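In our numbering, the protein residues as written are 274 to 322.
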Amino acid sequence: MTGRGMQLSLIVRGQHPPGDIAGHLRDDLELVTRAERLGFDGIVKGSHY
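Here it is as structure tokens:
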């Protein structure tokens with residue numbers, strides 16, 4: 274890869290303790306919005322089984 278440099282992605286688990294679901298969603302949206310502003314190349318939703 275010449276000239277592109279490293280790409281950086283944020284992995285978001287989306288798992289939260291019980292409680293304020295709307296608050297957890299707001300926190301997640303703030304996190305991914307900040308990552309976008311900072312120039313992250315991708316945001317990935319991970320899963321655990």
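All C-beta atoms in this analysis are idealised placements derived from N, C-alpha and C, irrespective of residue type, glycine included.
Only a predicted model underlies this, so the values are computations on that prediction, with no experimental measurement involved.
Check whether residue i and residue j have beta carbons under 8 angstroms apart
i: Val305; j: Ile284; result: no
i: Asp301; j: Gly287; result: yes
N- and C-terminal bounds of the beta strand (DSSP E) containing residue i
i: Gly287; result: Taken as a continuous stretch (DSSP letters only), Gly287 belongs to no beta strand (DSSP E), as it is neither H nor E.
Minimum C-alpha distance to residue i - residue among the options
i: Gly312; options: Gly276, Leu281, Arg299; result: Leu281
Residue span of the alpha helix (DSSP H) that contains residue i, given as start and end
i: Gly315; result: No alpha helix (DSSP H) holds Gly315; the beta strand (DSSP E) holding it covers 315 to 318.
i: Asp293; result: Taken as a continuous stretch (DSSP letters only), Asp293 belongs to no alpha helix (DSSP H), as it is neither H nor E.
Residue i to residue j span [Cα, whole Å]
i: Met279; j: Ser320; result: 24 angstroms
i: Arg299; j: His289; result: 12 angstroms
i: Asp293; j: Arg307; result: 21 angstroms
8 angstroms Cβ cutoff, residue i in contact with chain B
i: Pro290; result: The displayed structure is made up of one protein chain only, and chain B is not part of it.
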